[in-house]
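Numbering (our numbering), first residue to last: -15 to 365.
First up is the structure itself, then whatever we jot down about it.
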Ligand code: SF4
């Protein structure tokens, strides 16, 4: 089976003509795209079906809220399609499309205005990485890295492997959820993974399953093919209202992933991106859901951290008391913030770190961050 991609709501059999007419202004602002495979997983009798919420527009997306680039990614753009925020990590944004468009996407700007955030020509990125020996890991992303044709992907990975200081290559993808046939039907892709996952090297796939129902038989077979070829798989998901915002759903996702040998890596606070208000959960409520989900998860399933991808770094929410909320920089753009621990007065209405204003205490590292060098093995975000 070769899934087709659908870009018009009038082509979605599960929606009535009236529903697609009402949603027309939303699609005018934020594009719609899904595979017919993914649409077939939706329970169309349930207007609140979580998979429907992942790809089908909601009128609430027109609420004025959020920013186009809430994590200020553009600040860290060093060349067309290249971001360098953390010392050891570079992002190659080499794909301008995804298998489906998540309604809560944090990089909607890529699909709204087609600037130089993404570059299909990765030569500038490769040059930059060659000139920066501190970069020991590269994430190929976009967009979805598996929207890149396998031949082109092979060239990119081949060039990266020729750079001695690049020790880890990661591919960001939601294709196993949106279109597992991309993997099932492409023996060349599996050959590519096998070839570049030998000896002291592995390709990492940073997966994006948001709900356990996305782990269909086809998806599970696709994951097994990647693992069989030597890839390392991890999962990251935002915590999304109406999708995975209850502890049972989240713990089932974390547990099911762990059964498949896919460590849950990050659970993200939904970024305050334009159109995302309806999908966001306040930080403290999100932390409670995450924490409760972990209580119901096995040790292997509870390896995820709950973080905000803030402009200044990955800020982990590590705890709550009646009055205070505790944060720690998991990764910092500036050395002086590395591992900084911060206590703020609680704000149950906060959707982002910037909504906290009353700092109670903070403690930075008392050892020189200069000790962290690219010679240390694989420090990556
Ligand atoms: S897969 Fe990632 S980049 Fe693509 S639409 Fe979803 S959140 Fe955005």
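Idealized CB from N, CA, C, for every residue including glycine.
CB of residue i within 9 Å of CB of residue j, strictly
i           : j           : result
residue 21  : residue 192 : no
residue 190 : residue 123 : yes
residue 329 : residue 307 : yes
residue 69  : residue 264 : no
residue 104 : residue 130 : no
residue 57  : residue -6  : no
residue 285 : residue 239 : yes
residue 251 : residue 291 : yes
residue 454 : residue 259 : Since the first and last residues shown for the chain are -15 and 365, residue 454 lies out of range.
residue 7   : residue 31  : no
residue 120 : residue 55  : no
residue 44  : residue 221 : no
residue 288 : residue 332 : no
residue 256 : residue 49  : yes
residue 237 : residue 205 : no
residue 75  : residue 125 : yes
residue 348 : residue 323 : yes
residue 163 : residue 84  : yes
residue 368 : residue 78  : There is simply no residue 368 to check, as the chain begins at -15 and stops at 365 in what is shown.
residue 314 : residue 303 : no
residue 325 : residue 337 : no
DSSP-derived helix/strand/coil call for residue i
i           : result
residue 256 : coil
residue 362 : Note on residue 362: pLDDT 47, under 50, position unreliable in the model; no value is reported.
residue 135 : helix
residue 51  : strand
residue 62  : strand
residue 198 : helix
residue 277 : helix
residue 1   : helix
residue 333 : coil
residue 34  : helix
residue 9   : helix
residue 316 : strand
residue -4  : coil
residue 264 : coil
residue 269 : helix
residue 140 : helix
residue 350 : coil
residue 130 : helix
residue 340 : coil
residue 25  : coil
residue 46  : helix
residue 100 : coil
For residue i, the residue or residues it bridges with in DSSP
i           : result
residue 218 : 190
residue 301 : 311
residue -11 : 19
residue 156 : 190
residue 223 : 253
residue 67  : 61 and 75
residue 117 : Paired residues: none, contrary to the question.
residue 380 : No answer is possible for residue 380: the residues shown for the chain start at -15 and end at 365.
Limits of the alpha helix (DSSP H) - the one that residue i falls within
i           : result
residue 202 : 201 to 212
residue 147 : It is not in any alpha helix (DSSP H) - residue 147 carries neither H nor E in the DSSP assignment.
residue 240 : 231 to 243
residue 75  : From DSSP, residue 75 is part of no alpha helix (DSSP H) but of the beta strand (DSSP E) over 73 to 77.
residue 42  : Unbroken run through residue 42: none, as it is neither H nor E.
residue 83  : Taken as a continuous stretch (DSSP letters only), residue 83 belongs to no alpha helix (DSSP H), as it is neither H nor E.
residue 95  : 93 to 96
residue 107 : 107 to 114
residue 179 : 171 to 179
residue 166 : 165 to 168
First through last residue of the beta strand (DSSP E) which encompasses residue i
i           : result
residue 123 : 121 to 125
residue 293 : 289 to 294
residue 327 : 325 to 329
residue 345 : 343 to 347
Any non-hydrogen atom of the ligand NAD within 8 Å of residue i CB
i          : result
residue 25 : Here the bound small molecules are the ligand SF4; the ligand NAD is not part of this structure.
C-beta neighbour in chain D for residue i, strict 9 Å
i           : result
residue 283 : Protein chains in the displayed structure number just one, and chain D is not present.
Is the stretch 106 to 125 close to the stretch 61 to 71, with three or more CB pairs under 8 Å?
These segments touch.
Any contact of the stretch 82 to 97 with the stretch 139 to 146, i.e. 3+ C-beta pairs under 8 Å?
no
Report yes or no: do three or more beta-carbon pairs, one from the stretch 24 to 35 and one from the stretch 270 to 284, lie closer than 8 Å?
Taking one beta carbon from each stretch, the stretch 24 to 35 and the stretch 270 to 284 have fewer than 3 pairs nearer than 8 Å; the two do not touch.
Take every Cβ of the stretch 242 to 249, pair it with every Cβ of the stretch -5 to 4, and state whether three or more of those distances are shorter than 8 Å.
With the cut-off at 8 Å, the stretch 242 to 249 and the stretch -5 to 4 do not touch.
Specify whether the stretch 173 to 188 and the stretch 211 to 230 touch according to this definition: at least 3 beta carbon pairs, one from each stretch, less than 8 Å apart.
Verdict: yes, contact present.
Touching by the beta-carbon criterion (3+ pairs, under 8 Å), the stretch 145 to 155 and the stretch 202 to 212:
At 8 Å Cβ cutoff, the stretches do not touch.
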